[in-house]
Amino acid sequence: MGIWFLCKLSYQQQEENGKVTKVKEQYLIDAMSFTEAEARVYEELGSALPEFILQSVNKMNLQEIFHYEDQETWYKAKVVFIDVDEKTGKEKKTVNTMLVTADSVKQACERIEESLGTLMVTWQITDVGLTPIIEIFPYVDDRENNEDVRAFAEEVDLETGEVVAAAATSESSEPA
0 MGIWFLCKLS YQQQEENGKV TKVKEQYLID AMSFTEAEAR VYEELGSALP EFILQSVNKM
60 NLQEIFHYED QETWYKAKVV FIDVDEKTGK EKKTVNTMLV TADSVKQACE RIEESLGTLM
120 VTWQITDVGL TPIIEIFPYV DDRENNEDVR AFAEEVDLET GEVVAAAATS ESSEPA
């Protein structure tokens, strides 16, 4: 699981009656850094919302995301995993934060129970609440989506370590 960033933005929207209102929205971005998260917000939303202001970018500590295609409403759940220390016999509790799409708190709990049901560890859902997250954008490796990316094969002189020849190859072909 990558690093998730909660990005809050605002923009002006004109209603049907002509009145202009300020809209605030939150999006979740999977990125490697704050800089990449900011860049991805503009990349993902720039064409749909050309004049928005990015208010904040904050790390969101998530252990699991359960996305169901039939829902767009995101719920945040706290799940406590309970483990017993074999040496001391004391319970150790670890709190995990998870997101799940559902149409109600009840369905969010059911979906988490379904997803975690096969675990051999004792756990309990301690909190579930509706989030203002509009959409999430998982990380997508550009190389998987870009057919123009080519691998480079290099021929190296073993004695000097210098590159003698470099050639672009298709990723599916073997380097020379």
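Quick note: the sequence shown uses numbering that gives the first Met the number 0, first residue 0, plus one each step. Ideal Cβ positions, reconstructed from N, Cα and C, are used throughout, including at glycine.
Do you know offhand how far residue i's Cα is from residue j's?
i, j, result
"CYS108", "VAL79", "13 angstroms"
"ILE133", "THR121", "32 angstroms"
"ALA152", "SER9", "Confidence at ALA152 is low in this model, with a pLDDT of 47, below 50, so its placement is unreliable and the value that follows should be read with caution. Their backbone Cα atoms lie some 47 angstroms apart in a straight line."
"LYS21", "ILE2", "29 angstroms"
"LYS18", "LEU27", "29 angstroms"
"THR93", "LYS77", "10 angstroms"
"GLU85", "PHE4", "36 angstroms"
"THR117", "GLN106", "18 angstroms"
Nearest to residue i by CA position, among the options, is which residue?
i, options, result
"LYS176", "LYS75, PHE51, MET31", "For residue 176 there is no data in the structure shown, the boundaries of the chain being 0 and 175."
"MET31", "GLY45, ASN57, ASN16, GLU15", "ASN57"
"VAL104", "GLY116, ILE124, THR117", "ILE124"
"SER55", "GLU14, LYS23, PRO49", "LYS23"
"GLN13", "GLU43, GLU68, LEU48", "LEU48"
"LEU115", "THR34, GLU68, PHE33, GLU63", "GLU63"
"LEU61", "GLU113, ASP29, GLN25, GLN11", "ASP29"
Looking only at its own chain, which residues have a Cβ that is under 7 angstroms from the Cβ of residue i, when we skip the five neighbours before and after it?
i, result
"LYS75", "THR96, LEU98, GLY128, THR130"
"ASP102", "GLN70, THR72"
"ASP126", "ALA76, LYS77"
"GLY45", "none"
Contact defined as beta carbons within less than 8 angstroms: I believe residue i pairs with residue j. What is the distance between those atoms, to the nearest angstrom?
i, j, result
"ILE111", "PHE65", "7 angstroms"
"MET100", "TYR67", "The amino acid occupying residue 100 in the given sequence is Thr; Met does not appear at that position. Right, their Cβ atoms sit about 5 angstroms apart."
Skipping 5 residues on each side, what residues in its chain have a beta carbon closer than 6 angstroms to that of residue i?
i, result
"ASP82", "LYS91"
Within the chosen definition, does the region 81-92 reach the region 32-40 through at least 3 CB pairs nearer than 8 angstroms?
no
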